[in-house]
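Structure first, then comments.
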Amino acid sequence: MIQPTLDICNMLYNNPAFFTGPKLAHAYVPFQQLVCVYPPMKGLERGTIFPELDRPFGIDPEYTADA
Amino acid sequence: MWIYDKKLEYPVKIKNCNPKMAKYIITQYGGPDGELAASLRYLSQRFSMPTEEARSILNDIGTEELAHLEIVGTMVHQLTKGVPADVLEKNGLGAYYADHDHAIYPISAAGNPWTAEYIQSKGDPIADLYEDLAAEQKARATYENLINLADDPDVIEPLKFLRAREIVHFQRFGEALRIVEDKLAQKKFFITKPEFLKKRE
Ligand SMILES: [Fe+2]
């Protein structure tokens, strides 16, 4: 296996011009894009006006590990 | 400064008292992952945030958590209103009644009084925002536990609303984290060494 030189490592991981992906040891939440919104009364009933954030209890398996 | 609206963010109209449920729900008033901790955490951390967006997000969410504190307080009040001392006692609220009668006091479900040890304000915006993301997940998990313990739709509906808000808050804190990380990264990174640094060598 070829050992990359330290310079190449630095260039790849410390230079945003070369490495634009998510960084190690950082948590990422994607930015929400405004698409469409619920009418106000439905928003109040659902707890959000954004359909993409409307995830009621039980719908997402990762939120119901113990339920 | 705040402007107060004399209504709840989500209506609470509980027809049947349930002191046992009140004893559990009060944890979101004064417990470790409750709304008092959330509001004071965010409203304190906002001062040391490096961008206007992060300050605004903490300010807005901290404000909304105060509105949630009011909802949870109302729920506990309605669940215990007019319940005689002996019934409170049978439902695990004897000690609470001795100290607080039918008043609302910030404690956890286990009876521990609220403490600032539940929150941190670190002065490091990354550390603070990660705490906030975790706090939203812990609050969501607590609301899910409370929904599992409840059987009255008058109680479950506001709990579902409060749970849903935690997911929205998590998204906003995630966006704040990226804005802050981008800003902090910009400050330290130069593609070519700027002139003023060269001169010093
Ligand atoms: Fe929240």
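Protein chains in written order, with the working numbering: chain A, 1 to 67; chain B, 1001 to 1201.
Cβ atoms here follow ideal geometry from the backbone N, Cα and C, with glycine treated the same way.
All figures in this text were calculated on a predicted structure; none of them were measured in a lab.
| task | Could you tell me whether any non-hydrogen atom of ligand 1 is closer than 6 Å to the CB of A1038 (chain B)? | result | yes
| task | Tell me whether P1032 (chain B) sits in a helix, a strand or coil according to DSSP, three-state version. | result | coil
| field | Contacts that Q32 (chain A) makes with chain B (C-beta to C-beta distance below 8 Å) | value | Q1171 and E1175
| task | Show which residues of chain B have a CB atom less than 8 Å away from the CB atom of P56 (chain A). | result | K1160 and A1164
| Distance CB(V1168 (chain B))-CB(T48 (chain A)) smaller than 7 Å | yes
| message | Beta carbons nearer than 8 Å to chain A: which residues of the segment 1006-1038 of chain B have them? | response | Y1010
| query | If we cut at 7 Å on Cβ distances, does L53 (chain A) have a partner in chain B? | reply | yes
| message | Taking the alpha helix (DSSP H) that A1103 (chain B) belongs to, which residues open and close that run? | response | First-last for A1103 (chain B): undefined, no H or E at that position.
| Near ligand 1: E1136 (chain B) beta-carbon under 6 Å from a heavy atom | yes
| field | Contact belief for F1170 (chain B) with Q1137 (chain B) at Cβ below 8 Å, rounded distance in angstroms | value | 7 Å
| Between which two residues does the alpha helix (DSSP H) harbouring R994 (chain B) extend? | This structure cannot settle anything about residue 994 (chain B), because the visible part of chain B is limited to 1001 through 1201.
| Got a sec: is the Cβ-Cβ distance from E1144 (chain B) to anything in chain A below 7 Å? | yes
| Reference A25 (chain A), options B:A1022, B:A1127, B:N1145 and B:S1048, closest by Cα | B:A1127
| message | DSSP three-state label for P1011 (chain B), please. | response | coil
| First through last residue of the alpha helix (DSSP H) which encompasses N1148 (chain B) | P1125 to L1149
| Nearest-angstrom Cβ-Cβ length linking E1052 (chain B) and Q32 (chain A), presumed shorter than 8 Å | E1052 (chain B) to Q32 (chain A), Cβ: 19 Å. No contact.
| query | Taking a cut of 9 Å between CB atoms, which residues from the segment 24-48 of chain A lie near chain B? | reply | H26, A27, Y28, V29, P30, F31, Q32, L44, E45, R46, G47 and T48
| said: For ligand 2, I want to know if E1166 (chain B) counts as a neighbour, meaning its beta carbon is within less than 6 Å of at least one of the ligand's heavy atoms. | reply: Although ligand 2 was asked about, the structure shown includes only ligand 1 as ligands.
| Between P1158 (chain B) and A1185 (chain B), what straight-line distance do the alpha-carbon atoms span, to the nearest angstrom? | 41 Å
| message | Looking at ligand 1, does it come within less than 6 Å of H1100 (chain B), judged from the CB to the closest heavy atom? | response | no
| query | Which one of A:Y28, A:L44 and A:F50 has the shortest CA to CA distance from V35 (chain A)? | reply | A:F50
| query | Can you tell me whether T1115 (chain B) is buried or exposed, with buried defined as 16 or more other CB within 10 angstroms of its CB? | reply | exposed
| request: Let me know if M41 (chain A) comes out buried or exposed under the rule of 16 or more other beta-carbons within 10 Å of its beta-carbon. | output: exposed
| What's the gap between the Cα of E1070 (chain B) and the Cα of V1083 (chain B)? | 21 Å
| message | Here's the rule I'm using: 16 or more other beta-carbon atoms within 10 Å means buried, otherwise exposed. How should H1100 (chain B) be labelled? | response | exposed
| request: With DSSP as the reference, label I1179 (chain B) as helix, strand or coil. | output: helix
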